[in-house]
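Going by the numbering used here, the residue at position 120 of the sequence shown is 120; the numbering climbs one at a time, nothing skipped.
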Amino acid sequence: MIEFATITSLITKYAPKAIQIFITQAQKNEAVIKVLQELELNPAQIPDDVDTVYVYALIRYGVFKPEAILNLFRNRKIKDDFLAAYSSQAPFEFAKKTKEFLNQNSDLKNQIIDAKINFLGELEEFGEAFIAVAKQTKS
């Protein structure tokens with residue numbers, strides 16, 4: 001049988017590290033960031049890791065956007081493709097990979113078509129939002 005004192009000492013030992021990990025992850029969560037913004041508790045400078053910048057860009061871009069296009073940008077593969085294209089300055093490659101992704105995901109593709117979304121225009125607009133947010137980072 002494990003003693004209560006042993007468990008508490010382990011929790012006390014690892015809690016500070018775990019809390020910092022949770023805080024770091026929460027800073028990259030779209031819902032958490034929206035709540036912080038509504039409470040006017042968002043940071044003056046956005047942390048400069050690309051995952052956080054991407055989420056802030058998604059929030060900035062996503063005002064009044066159809067859910068279909070937001071779901072596209074929330075997808076992990078699309079995010080990775082965007083960041084790869086951004087870092088290599090190859091926006092046309094991102095558009096190509098996004099088209100390929102949608103061709104493999106017919107439900108999302110149909111939602112975007114049904115919402116009459118100007119696909120390439122939205123990709124460009126998201127890129128502009130990303131750049132605007134990136135300019136607000138520490139570096």
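Think of the CB as a built atom: it goes at the ideal place given N, C-alpha and C, for glycine as much as any other residue.
Identify every run of the alpha helix (DSSP H) within the stretch 76-108, keeping only runs that are complete inside it and at least 4 residues long; order them along the chain.
Fully enclosed alpha helix (DSSP H) runs of 4 or longer: 76-87 and 91-104.
What residue range does the alpha helix (DSSP H) around G127 cover?
What you label residue 127 is simply residue 127 of the sequence shown in a count that begins at 1. Annotation: the continuous alpha helix (DSSP H) that includes G127 extends over F119 to A134.
Rounded Cβ spacing between F130 and A57 (contact assumed at less than 8 Å)
Walking along the sequence shown from the start, residue 130 turns up at place 130. Walking along the sequence shown from the start, residue 57 turns up at place 57. With a Cβ gap of about 4 Å, F130 and A57 count as contacting.
Spatial neighbours of L83 in its chain, beta-carbon cut-off 8 Å, leaving aside the 5 residues before and after:
Within the sequence shown, the letter at position 83 stands for residue 83. Around L83, the same chain offers V50 and Y54 as residues with beta carbons nearer than 8 Å, after the five sequence neighbours per side are excluded.
Test item: CB-CB of E122 and I69 under 8 Å
For the purposes of this step, residue 122 is taken as residue 122 along the sequence shown, with counting starting at 1. For the purposes of this step, residue 69 is taken as residue 69 along the sequence shown, with counting starting at 1. For E122 and I69, yes; Cβs fall inside 8 Å.
When you compare each of K65, Y61, V133 and T6 to Q111 by their alpha carbons, which one comes out closest?
Against the sequence shown, residue 111 aligns to sequence position 111. When the alpha-carbon of Q111 is set against those of K65, Y61, V133 and T6, the nearest one is in K65.
Following the continuous alpha helix (DSSP H) through A115, name the residue where it begins and the one where it ends.
Walking along the sequence shown from the start, residue 115 turns up at place 115. Premise fails: A115 is in no alpha helix (DSSP H) and is neither H nor E.
Given this structure, state the Cα-to-Cα distance separating L108 from F126, to the nearest angstrom.
Mapped onto the sequence shown, residue 108 falls at position 108. Mapped onto the sequence shown, residue 126 falls at position 126. Taking the Cα positions, L108 is about 18 Å away from F126.
Using the beta-carbon count (16 or more within 10 Å), is F132 buried or exposed?
Counting from 1 along the sequence shown, the entry for residue 132 is found at position 132. Looking at the sequence itself, residue 132 is Ala, so the reference to Phe does not match. A132 comes out exposed.
Buried or exposed for F92, going by 16 or more other Cβ atoms inside 10 Å?
Walking along the sequence shown from the start, residue 92 turns up at place 92. Counting of Cβ neighbours within 10 angstroms places F92 among the exposed residues, the total staying below 16.
Per-residue DSSP class, three states only, for F64:
Within the sequence shown, residue 64 is the residue found at index 64, counting from 1. Coil, per DSSP.
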